[in-house]
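Numbering-wise (the working numbering), the sequence shown opens with residue 2 and increments by one. From the three backbone atoms N, C-alpha and C, an ideal C-beta is built for every residue, glycine too.
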Amino acid sequence: MPDHAAPHIVTELPGPRAQQLIALDQQYTSPSYTRDYPLVAERGEGAEIVDVDGNRFLDFTAGIAVCSTGHCHPEVVAVIVEQAQRLLHMSGTDFYYRPQAELARKLAELAPCGARNRVFFTNSGTESVEAAIKLARRHTSRSQFVAFRGAFHGRTLGSLSLTGSKAVQRRGFAPLLPGVTHIDYPNCRSCPQAGATAGCCLRGLDDLERAFSQTLPPEEVAAIICEPIQGEGGYLVPPPEFFVRLSEIARRHGILLIADEVQSGMGRTGKMFACEHFGFEPDIVTTAKGIASGLPLGAMIARHEIMDWPPGSHASTFGGNPVSCVAALKTIELLESGLMENAARQGTWLIETLRRRAASLPAIVDVRGIGLMIGVELAEPATGRPAPELRSRVVQAAFRRGLLLLGCGVSTIRLCPPLVIDQRQAETAVELLCQALEEASHE
Ligand SMILES: Cc1ncc(COP(=O)(O)O)c(C=O)c1O
Numbered sequence: 002m003p004d005h006a007a008p009h010i011v012t013e014l015p016g017p018r019a020q021q022l023i024a025l026d027q028q029y030t031s032p033s034y035t036r037d038y039p040l041v042a043e044r045g046e047g048a049e050i051v052d053v054d055g056n057r058f059l060d061f062t063a064g065i066a067v068c069s070t071g072h073c074h075p076e077v078v079a080v081i082v083e084q085a086q087r088l089l090h091m092s093g094t095d096f097y098y099r100p101q102a103e104l105a106r107k108l109a110e111l112a113p114c115g116a117r118n119r120v121f122f123t124n125s126g127t128e129s130v131e132a133a134i135k136l137a138r139r140h141t142s143r144s145q146f147v148a149f150r151g152a153f154h155g156r157t158l159g160s161l162s163l164t165g166s167k168a169v170q171r172r173g174f175a176p177l178l179p180g181v182t183h184i185d186y187p188n189c190r191s192c193p194q195a196g197a198t199a200g201c202c203l204r205g206l207d208d209l210e211r212a213f214s215q216t217l218p219p220e221e222v223a224a225i226i227c228e229p230i231q232g233e234g235g236y237l238v239p240p241p242e243f244f245v246r247l248s249e250i251a252r253r254h255g256i257l258l259i260a261d262e263v264q265s266g267m268g269r270t271g272k273m274f275a276c277e278h279f280g281f282e283p284d285i286v287t288t289a290k291g292i293a294s295g296l297p298l299g300a301m302i303a304r305h306e307i308m309d310w311p312p313g314s315h316a317s318t319f320g321g322n323p324v325s326c327v328a329a330l331k332t333i334e335l336l337e338s339g340l341m342e343n344a345a346r347q348g349t350w351l352i353e354t355l356r357r358r359a360a361s362l363p364a365i366v367d368v369r370g371i372g373l374m375i376g377v378e379l380a381e382p383a384t385g386r387p388a389p390e391l392r393s394r395v396v397q398a399a400f401r402r403g404l405l406l407l408g409c410g411v412s413t414i415r416l417c418p419p420l421v422i423d424q425r426q427a428e429t430a431v432e433l434l435c436q437a438l439e440e441a442s443h444e
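Following this line, the structure appears as structure tokens:
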């Protein structure tokens, strides 16, 4: 057990050992990575990270929404060790093994796309999206896709074509997949009619219907891909009517609906998949991140009549690795036996508390989210304009206080802690975030 609960900062940041490692990393590692602050993680337990100099941090990033059951959950580690001693790899593409078949059954039962589903295994979010793109094209014999502005679906060339998040992610990589149309995602805060009229959030869908009659023959569209809660784009939660109208449009034109649950899925919102909050029933679901508590694994799940591709049409050497699969089975067991409930409870408390605190913090203009997928949007108090520099200063100030945060969207702080956080950790995070905001506002 730790002598001190996080946060407990004992050196300058970065400390001497961290500085050495950063220097090594910077010499040899791809400069494309984005490190917002110099955290050099050594080990983790629950919602705490200890760095190489012995500083303890409270982790409200979960390794970008991945370590759903907390860092190194002992039950997850135990099944990993046991499986690693039994069988490390055999390629589920060419052979059969129990953990992959059992996990496929579990995910097929859980996915919100239909009563009978099938599962294709991958190693990451982007591969799950690539698989969905290929399946949608093959099943429909159509070539075009519709995606949303602000969306993040990954960085390999197919999924990058659907990503509409930041220009830097696409700059220099053209030509991308042809035939992708981006439309507006509901963002009630940026909507000129916010608070005035219901329905204004559906502007993107109005544009889509206009495109269908002018520029984009709907019978050529294979699928519309949508994050049920937009993640990298700013933790935006659409109104329920968005999903009703989206589904109606897609059904009318025989277009498949892909729900990208890579960030929002696996219990983070208090339900296994965020779609369930809206009664949204897509045809295909992509997942990764939180599925195996930190081991690389992803899945593309589709209604069985849609996953009708023949042997050889798609496969992956490592996807569905047995060690990752047992970690996922244990993760799901833990989610179902209390962690999702905890995510819902702690998330509600955090959102309500942050909204109350925001009343006396003019830089906070919105607190939104479901469960432990929470966005705190900042703006310049004087002008009401987005405040990306302030956001960045807040994230840095929080790090110096021992709270790990990340940004998302233009001007939003994201809270995506492991789903194991307790009340004390939630209270500590709110205090440190508010202190960091005070400090950053006066810099
Ligand atoms: C919604 C969504 N889809 C896909 C991805 C890509 O996942 P990966 O980085 O595992 O390829 C991400 C990653 O942030 C994501 O948030």
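Review point. What's the gap between the Cα of P179 and the Cα of S361?
Key: Position 178 of the sequence shown, counting from 1, holds the residue named residue 179. Position 360 of the sequence shown, counting from 1, holds the residue named residue 361. Each residue's Cα considered, the two are about 48 Å apart.
Check your understanding: What residue ranges within the stretch 288 to 325 form continuous beta strand (DSSP E) runs of no fewer than 3 residues, ordered along the chain?
Key -> 299 to 304
Practice item. Kindly confirm or deny that the stretch 125 to 145 and the stretch 296 to 314 touch, where touching means at least three C-beta pairs closer than 8 Å. Key: yes
Practice item. For the alpha helix (DSSP H) holding E440, just list the boundary residues, first then last. Key: As a first step, residue 440 is located in the sequence shown; it is residue number 439 there, counting from the start. Taken as a continuous stretch (DSSP letters only), the alpha helix (DSSP H) holding E440 covers 424 to 442.
Practice item. Keeping to the same chain, check which residues put their C-beta closer than 6 Å to that of L336; ignore five residues upstream and five downstream. Key: What you label residue 336 is simply residue 335 of the sequence shown in a count that begins at 1. Same-chain partners within the cutoff: G268.
Review point. Around the Cβ of H90, are there at least 16 other Cβ atoms within 10 angstroms (buried) or fewer (exposed)?
Key: Here residue 90 is taken as the residue at index 89 of the sequence shown, counted from 1. H90 should be labelled exposed.
Check your understanding: Rounded to whole angstroms, how far is the Cβ of E221 from the Cβ of R143, which I believe are closer than 8 Å?
Key -> If you number the sequence shown from 1, residue 221 lands on position 220. If you number the sequence shown from 1, residue 143 lands on position 142. Indeed they touch by this definition, with Cβ atoms about 5 Å apart.
Practice item. Quick one: give me the first and last residue of the alpha helix (DSSP H) that D207 is part of. Key: Looking up residue 207 in the sequence shown gives position 206. First-last of the alpha helix (DSSP H) with D207: 204 to 215.
Point to revise | Any non-hydrogen atom of ligand 1 closer than 6 Å to G126 Cβ | key: The residue given as residue 126 occupies position 125 in the sequence shown. The answer is yes for G126.
Exercise for review: Using only the heavy atoms of ligand 1, determine whether one of them is closer than 6 Å to the beta carbon of E221.
Suggested key: By one-based count along the sequence shown, residue 221 stands at place 220. No, the Cβ of E221 stays beyond 6 Å of every heavy atom of ligand 1.
**Study point:** Cα-Cα separation, Q426 to T288
**Key:** In the sequence shown, the residue the question calls residue 426 occupies position 425. In the sequence shown, the residue the question calls residue 288 occupies position 287. Going by the C-alpha atoms only, they are around 27 Å apart.
Review point. In three-state DSSP terms, what is T62?
Key: Start at 1 with the first residue of the sequence shown, and residue 62 comes out as number 61. Three-state result, T62: coil.
Practice item. Please go through the same chain and pick out, in chain order, the residues whose beta-carbon is closer than 8 Å to the beta-carbon of G1, but skip the five residues on each side of it. Key: No information on residue 1 is available, as it lies outside the stretch 2 to 444 that the chain covers here.
Review point. What residue range is occupied by the uninterrupted beta strand (DSSP E) comprising A260?
Key: Here the question's residue 260 lines up with position 259 in the sequence shown. Counting along the chain, the beta strand (DSSP E) containing A260 begins and ends at 257 to 261.
**Study point:** Beta carbon of P382 nearer than 7 Å to that of S412
**Key:** Position 381 of the sequence shown holds residue 382. Position 411 of the sequence shown holds residue 412. Cβ atoms of P382 and S412: not closer than 7 Å.
Check your understanding: Hey, out of P419, Q27, P8, whose CA is closest to A293's CA?
Key -> For this step, residue 293 is matched to residue 292 along the sequence shown. For the residues P419, Q27, P8, the minimum Cα distance to A293 belongs to P419.
Check your understanding: Taking Cβ to Cβ, would you say C409 is nearer than 7 Å to R401?
Key -> Here residue 409 refers to the residue found at position 408 when the sequence shown is read from its first residue. Here residue 401 refers to the residue found at position 400 when the sequence shown is read from its first residue. It is not a contact, given that the beta carbons lie outside the stated cut-off.
Review point. In terms of DSSP beta bridges, what is E46 paired with?
Key: Numbered from its first residue, the sequence shown carries residue 46 at position 45. DSSP lists E49 as partners of E46.
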